[in-house]
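Protein chains: 4
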Amino acid sequence: MTRLSWGMIGGGEGSQIGPAHRISAGLDGHFNLAAAALDIDPARGKSFAVELGVSGDRAYGNWQEMLDGEKGRSDRLDLVTIATPNSTHYEIARSFLEAGFNVLCEKPITMTAKEAEHIVAIAEETGQICAVNYGYSGYPLVRQMRAMVANGDLGKVRLMKAEFAHGFHADEADADNPRVRWRYDPAQAGTSAVFADAGIHAFHMACFVADQSPTEISADFASLVGNRQLEDDAMINIRMDGGALCRLWTSAVAVGRMHGLTLQVFGENGGLSWQQQHPDQLLWTPLNGRTQILERGDGTLSEQAVRASRIAIGHAEGLPVAFANIYHDLADVLRAQKNGSTPDPLALDYPKATDGLWSMKAIEAAAKSAGSGGTWVGL
Amino acid sequence: MTRLSWGMIGGGEGSQIGPAHRISAGLDGHFNLAAAALDIDPARGKSFAVELGVSGDRAYGNWQEMLDGEKGRSDRLDLVTIATPNSTHYEIARSFLEAGFNVLCEKPITMTAKEAEHIVAIAEETGQICAVNYGYSGYPLVRQMRAMVANGDLGKVRLMKAEFAHGFHADEADADNPRVRWRYDPAQAGTSAVFADAGIHAFHMACFVADQSPTEISADFASLVGNRQLEDDAMINIRMDGGALCRLWTSAVAVGRMHGLTLQVFGENGGLSWQQQHPDQLLWTPLNGRTQILERGDGTLSEQAVRASRIAIGHAEGLPVAFANIYHDLADVLRAQKNGSTPDPLALDYPKATDGLWSMKAIEAAAKSAGSGGTWVGL
Amino acid sequence: MTRLSWGMIGGGEGSQIGPAHRISAGLDGHFNLAAAALDIDPARGKSFAVELGVSGDRAYGNWQEMLDGEKGRSDRLDLVTIATPNSTHYEIARSFLEAGFNVLCEKPITMTAKEAEHIVAIAEETGQICAVNYGYSGYPLVRQMRAMVANGDLGKVRLMKAEFAHGFHADEADADNPRVRWRYDPAQAGTSAVFADAGIHAFHMACFVADQSPTEISADFASLVGNRQLEDDAMINIRMDGGALCRLWTSAVAVGRMHGLTLQVFGENGGLSWQQQHPDQLLWTPLNGRTQILERGDGTLSEQAVRASRIAIGHAEGLPVAFANIYHDLADVLRAQKNGSTPDPLALDYPKATDGLWSMKAIEAAAKSAGSGGTWVGL
Amino acid sequence: MTRLSWGMIGGGEGSQIGPAHRISAGLDGHFNLAAAALDIDPARGKSFAVELGVSGDRAYGNWQEMLDGEKGRSDRLDLVTIATPNSTHYEIARSFLEAGFNVLCEKPITMTAKEAEHIVAIAEETGQICAVNYGYSGYPLVRQMRAMVANGDLGKVRLMKAEFAHGFHADEADADNPRVRWRYDPAQAGTSAVFADAGIHAFHMACFVADQSPTEISADFASLVGNRQLEDDAMINIRMDGGALCRLWTSAVAVGRMHGLTLQVFGENGGLSWQQQHPDQLLWTPLNGRTQILERGDGTLSEQAVRASRIAIGHAEGLPVAFANIYHDLADVLRAQKNGSTPDPLALDYPKATDGLWSMKAIEAAAKSAGSGGTWVGL
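Chains as they are written, first to last, in my numbering: chain H, 368 to 746; chain C, 368 to 746; chain R, 368 to 746; chain A, 368 to 746.
In structure tokens:
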């Protein structure tokens with residue numbers, strides 16, 4: 368198994384997302400960091416890239432240099448990860464896709480649905496991979512939920528309850544803290560704050576698990592701290608094309624909630640309940656039956672869950688390993704692409720540009736609905 | 368301490384609510400069942416009353432007979448509990464209040480807000496007590512939450528998240544089960560099913576804890592099983608007069624949820640989280656601090672919580688004891704009424720006719736909002 | 368259903384155990400307090416008895432007066448509860464049993480195994496009931512565990528893990544607090560402190576659930592705070608006559624543990640896990656299967672559990688209700704005794720003098736083993 | 368930061384422990400796999416090593432070849448990991464240490480205490496690093512417990528309660544399964560089965576957290592399934608040199624327990640409780656105070672915990688990341704060794720040969736005690 372050749376844009380020294388990608392890409396040894404433009408400060412970015420083992424000639428000062436330097440090479444990068452500030456995703460993703468690179472873009476894929484449509488179109492035309500990093504979908508038991516729905520264990524999905532609530536923007540004294548303030552400023556953050564930033568992970572997870580897409584959205588946005596312009600708390604109702612109704616709560620003022628990403632799925636024949644803080648257990652209640660605790664690592668789970676799990680039952684596996692599953696999927700698909708073979712169908716569950724597009728549509732619809740008193744808005 | 372004289376209407380043999388009231392009223396020895404009209408079948412009701420220790424001449428065939436027989440007695444009933452079918456509450460409560468009795472009525476107090484307003488008016492005019500049985504508000508740690516809010520521990524309450532979700536009406540095969548069907552039939556149940564039946568407890572708890580009343584409601588109702596006319600799942604946003612926003616989810620199709628009555632309260636200075644299934648623990652997170660587990664029975668809790676707690680810390684206390692706190696409060700107030708003294712201020716937290724009225728208004732507003740696509744409706 | 372006539376010795380104003388018995392005896396309306404000697408102070412005891420509704424002529428100054436006054440009456444007490452200080456249990460229980468009364472004695476039944484043997488012998492000779500209050504055995508899910516073992520669901524029980532650990536005697540500054548000190552003084556407490564006081568409940572529960580008796584005990588006792596003479600922490604290994612091994616930990620210095628009464632039962636075909644702090648859930652794992660959550664109130668549980676449960680599934684039921692099951696059992700048996708009928712076999716699970724005797728034997732054996740370096744001591 | 372040069376013995380294709388080491392060593396990019404002898408089958412081992420990126424000339428057929436090939440190189444391996452069957456650890460570790468290599472050996476370090484003493488002596492003489500993989504000690508909150516004890520937050524540690532109980536060897540039908548059987552065969556497993564295999568992790572954790580060593584041990588071993596010769600369940604009491612008492616339960620027949628590694632620490636001034644299955648939360652109860660939930664990732668924790676934590680608060684981190692902390696510590700120490708500088712004192716908490724020695728002594732003492740009816744055996 369030769370390592371795939373990997374490039375990275377953004378995620379320099381001191382960033383949180385940079386090490387997360389490097390841990391995940393390297394965890395199984397699938398990817399080797401071969402080229403990088405890591406920092407807004409060219410010199411610092413180059414030197415950090417070299418420190419990470421990138422050869423000097425492939426350590427770039429910015430993404431344009433990297434595109435120029437890499438596009439003509441015969442030992443082409445197999446994948447380029449984009450982990451720059453949100454507002455730059457569109458241009459960078461578009462440029463690399465158009466130059467024939469496969470891309471994994473941090474979420475949000477773009478700042479607008481229109482831009483996201485463009486990215487989807489390019490990816491479709493070129494046949495290149497454009498993945499979007501909804502990393503929580505790599506958790507084995509999230510994939511178990513999806514597999515159980517697909518397998519019909521729940522019957523028709525009637526209802527989903529999704530949450531992503533935390534309390535880290537609840538301090539009024541923090542209102543002018545620049546690390547917090549920009550998130551609630553429409554000029555920098557767009558039409559939505561906490562839904563676009565946090566709640567969208569719950570949205571993606573609900574769509575992913577039910578394998579359904581939204582058709583209509585009704586939302587209530589609230590700004591509960593200081594004089595924030597964008598919402599720091601939202602309740603969103605979503606009607607989906609397979610008939611499911613999803614109720615999604617997201618908040619940044621829920622003091623005491625650490626990382627409240629949870630999903631409950633209720634169908635005709637049973638219900639599921641999962642929470643990110645204890646990701647190795649999944650509760651499953653068959654209709655009129657007793658609740659069972661499904662443990663990650665249990666060999667009788669779905670093949671999707673088994674494939675996504677690395678360590679023995681009873682051990683905590685955690686997010687870095689879950690996130691590595693996205694890279695694992697991409698490695699399988701990229702190798703198949705290189706070999707002209709068909710990838711393992713189980714590798715096709717990584718989040719894609721279309722998921723990024725649905726997210727942008729949902730954000731825009733929710734903001735529109737919230738702005739008009741909660742009217743249902745079609746997508 | 369002489370026992371107070373207590374009468375009961377409804378709650379005959381085989382009912383669930385009857386024993387609950389008798390356990391709670393008798394738990395501390397405050398009340399002695401002296402008169403009763405327990406059953407729709409007069410003979411059965413009389414014989415069961417005698418079996419419960421009521422003397423033959425005060426065992427009645429129906430509530431009208433009981434009213435006639437009791438109103439002229441010198442050894443008057445101190446309290447009359449009404450536990451008959453919902454549609455009869457209004458007439459019975461009104462009649463007994465007008466005849467000068469103190470009343471504890473099962474919820475809902477009436478079938479409409481207009482009727483509830485009438486009951487409130489009579490209670491105010493006569494000075495009689497009219498309590499409504501939101502029994503979950505008797506839990507010591509629910510009272511602790513209210514005390515902490517009142518004490519300013521949370522600062523201004525910004526947000527509440529309330530839930531009452533269960534999965535016991537999720538079976539399509541049960542749709543024609545008469546014990547389930549009537550709940551979703553507007554002719555029998557009124558304008559709302561699961562919100563009026565289950566969610567209203569979460570609504571009352573939120574109002575009680577924050578000590579605020581609703582001003583505007585926006586709701587989404589869904590009927591997810593069979594061809595039900597009334598909702599079996601609802602999401603309700605509530606704006607309150609003290610500035611709090613409450614988001615309330617209620618469901619009868621949440622398979623796997625047993626009794627999902629929970630309340631989270633988020634303020635400027637901290638957050639609280641409580642769940643009815645494990646009522647003896649309350650989570651409290653001061654802003655920027657660590658989450659603490661408050662245990663029922665801890666002597667350093669508020670005097671409200673200490674007063675409402677009977678057994679040592681570390682033991683499960685449970686609903687019957689919580690419910691007995693309502694009777695305990697009423698006993699204190701009734702004794703003060705008899706003595707012409709001032710009751711213990713801590714005894715005044717029992718749910719009242721005005722709480723019943725707010726519930727009816729909220730149900731009507733939510734149904735109206737849900738019927739018009741989620742528009743905000745004022746109360 | 369006429370109420371049974373009930374007498375009470377000890378449990379006066381200000382005691383914790385007194386109200387617990389009165390709540391439990393009265394909860395279902397089975398017993399009526401007809402005679403009492405409640406207090407070491409005769410006048411205070413009489414006046415409190417009258418306040419509780421006892422007629423003046425049956426409010427006694429001490430237990431001897433009560434025995435004299437009650438033994439000749441035609442309207443005889445059906446049951447006498449003994450809730451006096453431990454060292455008096457033997458004499459009072461013996462006297463009332465010999466005079467033909469049925470007795471429910473607080474634990475410990477006596478201060479020595481020899482005395483307990485005497486009580487057992489008298490009860491057998493007279494045919495009177497002598498119950499001992501291991502009240503935790505009244506929890507519906509404890510009875511469910513026993514029923515599952517009896518039903519063979521676990522196969523042969525191999526191992527039990529029992530705990531009763533709390534941290535309320537951990538404060539060195541409390542060492543001279545008289546409410547704590549006497550417990551660790553052999554002159555007042557006998558041969559054991561925390562095992563006799565707390566751990567013995569876990570011991571009884573293990574015996575009760577497995578339906579086995581101890582044959583050999585090996586123990587390690589530790590005194591970890593100040594210069595206590597008796598143990599405040601103990602580990603006890605118990606071999607039982609049905610082949611089960613029980614490992615029991617008890618502690619009074621486990622800071623942070625509120626009321627750590629737990630039981631795990633491991634058999635050939637599955638395992639059970641229950642904890643008193645959340646008594647309404649029981650975990651059951653069939654061998655090679657998934658852990659299931661059994662909920663109190665589930666109608667598919669054993670008839671023992673269904674009979675012991677009063678309120679709907681999903682509600683917390685708590686200790687006072689569990690404890691009332693002991694009184695409920697006794698009421699069934701006493702009524703059958705009076706009628707000359709056969710009692711409901713399900714009512715025969717209340718803890719008996721023989722359970723009290725096994726406890727005393729276990730305490731003495733454990734103390735002996737601990738005193739000789741952990742040698743196995745036969746019972 | 369150049370990568371350190373790393374060699375691996377054992378852990379070939381299909382092993383569980385191999386990928387665990389490679390994930391952990393590679394997670395932060397500290398180590399580069401440069402040489403390997405991965406398999407009992409030389410050809411398979413070589414080819415797998417090449418697949419993992421090792422150059423052909425450093426892919427060896429067995430450990431002796433690797434020792435010969437590597438010992439003379441100028442680009443010497445910085446660390447050699449030994450992940451072969453237990454009975455080979457001693458010889459391989461000794462040989463590599465004597466040849467001047469730094470070693471990380473899987474536990475157990477040897478099969479006897481005497482051998483372990485030899486390893487410790489060599490490591491001391493040579494000044495080489497000999498680490499032993501008690502990987503659970505890498506969890507941030509385990510290090511937090513140790514830091515809190517060291518900081519005096521608990522005062523004197525009185526008592527520890529340690530457990531490692533699972534139920535994966537409970538199936539009688541599995542008794543002849545070769546993957547299970549050898550563990551209970553003294554010829555292959557030595558003097559102890561479940562204590563040596565599983566419980567020893569709990570033992571190490573208790574010693575590590577309290578920073579104390581055992582002085583006396585009393586143990587009860589039980590063989591509960593089939594005709595096993597070695598114990599599948601054990602209770603062990605340990606007296607430690609700092610005055611703490613540790614009670615340790617370990618089991619392989621606890622059906623329903625997945626991975627019951629837990630530690631509770633009780634001191635004069637407070638208590639701690641942690642469980643491996645949910646490693647990101649630690650309960651801390653100050654004496655007479657309320658229990659607090661400490662979250663991994665909280666910046667106010669000890670510097671040891673902060674250093675050991677990689678991802679944001681509220682996310683599950685899991686074992687692979689914890690395990691990587693051992694490699695991270697070693698990387699720091701190895702770099703300091705190479706530079707002649709002083710390593711970060713926080714990096715010195717990795718488990719060492721002396722820890723391996725204490726484990727072997729404890730296993731031998733426990734087996735001896737269990738064999739003589741639980742007598743206390745000095746170490």
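Backbone N, C-alpha and C fix where the C-beta goes; we use that ideal spot for every residue, glycine too.
DSSP links Phe588 of chain H through a beta bridge to H:Ala601. By the beta-carbon neighbour count (other beta carbons within 10 angstroms, threshold 16), Lys413 of chain C is buried.
Here Thr667 of chain A is exposed: its Cβ has fewer than 16 other Cβ atoms, across all protein chains shown, within 10 Å. If you draw a straight line from the Cα of Ala589 of chain C to the Cα of Asn469 of chain R, it comes to about 58 Å.
Comparing C-alpha distances from Met375 of chain H to each of H:Ala402, H:Ile678, H:Thr742, H:Phe398 shows the shortest one belongs to H:Ala402. Of C:Thr558, C:Arg614, C:Val417, the smallest CA-CA separation from Ala734 of chain C is found for C:Thr558. Looking at the DSSP output, Glu465 of chain R shares a beta bridge with no other residue.
When the beta-carbon positions are compared, Leu612 of chain R and Leu526 of chain R come within less than 9 Å of each other.
If you check each beta-carbon in the region 618-645 of chain R against every beta-carbon of chain H, none falls closer than 8 Å.
Note that the C-beta distance between Gly379 of chain H and Phe415 of chain H is below 9 Å.
Interface flag for Val561 of chain C against chain H is unset, since no Cβ pair is found closer than 9 Å. The Cβ atoms of Trp743 of chain A and Ser580 of chain A lie no closer than 9 Å to each other. Gly385 of chain C carries a helical assignment under DSSP once its states are collapsed to helix, strand and coil. Using a Cβ distance threshold of 9 Å, Tyr501 of chain A and Asp722 of chain A count as a contacting pair. In this structure, C:Asn604 is the residue among C:Gly738, C:Ala563, C:Thr477, C:Asn604 with its C-alpha nearest to the C-alpha of Ser585 of chain C. Between the region 544-564 of chain A and the region 592-601 of chain A there are three or more C-beta pairs closer than 8 Å, enough to call the two in contact. Fully enclosed beta strand (DSSP E) runs of no fewer than 3 residues occupy 470-472, 497-499, 524-532 of the region 454-536 of chain H, in order along the chain. When secondary structure is reduced to three states using DSSP, Val744 of chain C falls in the strand class. A contact between stretches requires three or more CB pairs, one per stretch, nearer than 8 Å, and the region 530-537 of chain C meets this requirement with the region 612-624 of chain C. At a beta-carbon threshold of 9 Å, none of the residues of chain C lie near Leu661 of chain R; the nearest stands roughly 11 Å away. Annotation: the continuous alpha helix (DSSP H) that includes Ala672 of chain H extends over 670-674.
Setting aside the 5 residues that flank it on each side, Tyr506 of chain R is surrounded in the same chain by Pro646, Ala689, each with a C-beta closer than 7 Å to its C-beta; the list follows chain order. In chain order, Asn636, Gly637 place their CB closer than 6 Å to the CB of Leu654 of chain A, counting only its own chain and leaving out the 5 sequence neighbours on each side. Under the three-state reduction of DSSP, Pro653 of chain C is assigned to strand. When the Cα atoms are used, Pro718 of chain R and Ala737 of chain R turn out to be separated by approximately 27 Å.
Only exposed fits Asp543 of chain H, as fewer than 16 other CB atoms lie within 10 angstroms of its CB. Contact check for Asp578 of chain C against Ala517 of chain C passes: the beta carbons are separated by less than 9 Å. By the 16-neighbour rule on beta-carbons within 10 angstroms, Asn706 of chain C is exposed. By the CB criterion at 9 Å, Trp373 of chain C and Asp442 of chain C fall outside the cutoff. Beta-bridge pairing by DSSP links Pro581 of chain C to C:Met607. For the region 502-520 of chain C, the set of positions with a beta-carbon nearer than 9 Å to some beta-carbon of chain A is empty. Secondary structure at Gln596 of chain A: coil, using DSSP grouped into helix, strand and coil.
Chain-ordered, the chain R residues with CB closer than 8 Å to the CB of Asn655 of chain A read Asp538. Spanning the alpha carbons of Gly519 of chain C and Arg513 of chain C requires a straight line of approximately 10 Å.
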